[in-house]
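Numbering (the numbering used here), first residue to last: -1 to 414.
Taking it in order: structure first as structure tokens, then the write-up.
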Amino acid sequence: MAGLDKGRSGALPDCRNHAIPLPGRDILDSSANRAPARQPSPFAFTLIGIGAATAAAHIGNNFTTYLVGGLIERFGFSPLQMGAWNMAETLSYAAAMFLVAPRARAMDARLLALLATVLVAVSQAGSAFAGDYALLFLGRIGTGFGFGMMNSAVNLAAGRADHPARWISLGIAFQTVLYTFVAIAVPRIGAAHGVTGMFLALAGLAVVLGMMTLLLPGGKDASPDGQDATPNRPIGTAGLQIIAAMALFAFGSLAIWPFIERTAHAIGIPATQFGIYQSMAVLASALGNAGLALIINRLPRFWPLAAALGTCGLTCALLTTVQGEAAFAAAFVAFMVSWFLTYPLLLGLTYAHDDSGRLAVMTTGSWLLAQSVGSLAAGGIAQLFGGYTLIGPIGGVICLLAIIMAMPVARRLDGH
-1 MAGLDKGRSG ALPDCRNHAI PLPGRDILDS SANRAPARQP SPFAFTLIGI GAATAAAHIG
59 NNFTTYLVGG LIERFGFSPL QMGAWNMAET LSYAAAMFLV APRARAMDAR LLALLATVLV
119 AVSQAGSAFA GDYALLFLGR IGTGFGFGMM NSAVNLAAGR ADHPARWISL GIAFQTVLYT
179 FVAIAVPRIG AAHGVTGMFL ALAGLAVVLG MMTLLLPGGK DASPDGQDAT PNRPIGTAGL
239 QIIAAMALFA FGSLAIWPFI ERTAHAIGIP ATQFGIYQSM AVLASALGNA GLALIINRLP
299 RFWPLAAALG TCGLTCALLT TVQGEAAFAA AFVAFMVSWF LTYPLLLGLT YAHDDSGRLA
359 VMTTGSWLLA QSVGSLAAGG IAQLFGGYTL IGPIGGVICL LAIIMAMPVA RRLDGH
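See below:
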């Protein structure tokens, strides 16, 4: 936010209230057109609601890797089949978000979250008893659509609060603290009860978190007369750059994710030990996001985003090229921390450009669309070359391309 005057406290003001339209360029701020402020919910209620919804929305992204390993061991599915299976979930996730985006202002985040909970719980529980690939594939479509609805609820709720990027960071901190325990429990459940037990455990977790989303801020983003405060305006060049940056970031960093437990397994790390490393990584991510939430409104946008994305790309490359257990664990922790810092920083760009939540939903949808293609590509590469080694370095390079795409928008928002 260079170029903006500091307040008396020395803290930089929220750029959403100070963006200056530049002739011939996109107007990067629409906060002047926001609907009248609603009565805020208590801080603790909003934190629990957004945190629970964030956790519920990312169950698949974080724990599908154990299901992939369990299904390969139980049914002997190939990497390409499992890449397509994971792609079904993430494509459905993206489809749900793109369906929500044009209707964002007319939707109640709390109701959307409850509908998502029902769909995810039924689909996960049904998958526990599915005995063939086709039924499991249908189950992934159902869970993916539910996850997309839940993540849309998160983005809508955050977009209707002050400082959306801070709330996203706080939600991720809540999520990662919870996942510290879930990452230890899921592989142990798998060791004791197989993939069926893991499906049922994740269905139960979705129900518990879904009940907690009742604390999300309710209502629609509308003016007192019941009409939208302003019509949806075009996302513009800056919006397209943000969407492209998120897509490149997701494709590069998450193509390996469905197979990350298999990558650890290939160098002799069992699933239960990998779960401990994931627990360490998400706890470190919680601390990182809690710290980010405290200072995010005082930071410029350019260098923190470049640093987080660069670290994510480097560690992504290391995940499939290191051979020692200690080196893998260190790279994995650094990868997770940098990923969870990059995500709210990128979403912060979307809220600065369009604070209705519409662009945030579209941007997150592009993330899932890119991850879907990446999952299939990673499965194909693994099957073609007989291993996962190439996937990490390719993903690292693509993360660097995301920096190139995002930086012009970040610099413009900083006032350069």
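Don't be surprised by glycine CBs; every beta carbon is placed ideally from N, CA and C.
What's the C-alpha gap between G394 and A248? 11 Å
I need the boundaries of the alpha helix (DSSP H) containing M105, first residue and last residue. Neither: M105 is in no alpha helix (DSSP H) and is coded neither H nor E.
Quick check: A291 and R164, are their CB atoms within less than 7 Å of each other? yes
For M209, is the classification buried or exposed, using 16 other Cβ atoms within 10 angstroms of its Cβ as the cut-off for buried? exposed
Please name the residue in L303, L382, A325 whose C-alpha comes closest to that of S336. L303
Rounded to the nearest angstrom, what separates M334 and M80 at their Cα positions? 22 Å
Verify whether the separation of the beta carbon atoms of G137 and S90 is less than 7 Å. no
What is the DSSP secondary structure of G308, counted as helix, strand or coil? helix
Do you know whose CA, among A404, N287, A284, S76, lies nearest G308's CA? A404
Applying the criterion that 16 or more other CB atoms from any shown protein chain within 10 Å of the CB defines a buried residue, is L133 buried or exposed? exposed
Quick one: complete alpha helix (DSSP H) runs, 4+ long, within the region 174 to 258? 234 to 252
To which residues of the same chain is A111 closer than 7 Å at the C-beta, ignoring the five residues directly before and after it? A51, M148, A151, G208, T211, L214
Comparing alpha-carbon positions, which option in T340, T348, A279, N153 lies nearest I233? T348
Rounded to whole angstroms, what's the CA-CA distance from P100 to D353? Just pull it up for me. 14 Å
Taking M196 as the reference, give the member of Q271, F61, I241 with the closest Cα. F61
CB A288 to CB T313, shorter than 7 Å? no
Proximity to L411 [Cα-Cα], best of T261, P298, I254: P298
In three-state DSSP terms, what is P391? helix
In three-state DSSP terms, what is P302? helix
What is the DSSP secondary structure of F135, counted as helix, strand or coil? helix
How close, in whole Å, do the beta carbons of P391 and A315 come, if the pair is a contact with beta carbons under 8 Å? 4 Å
C-alpha gap between P185 and L45, whole angstroms: 28 Å
Nearest by alpha-carbon distance to R260: which of I389, M95, I396, V120 is it? I389
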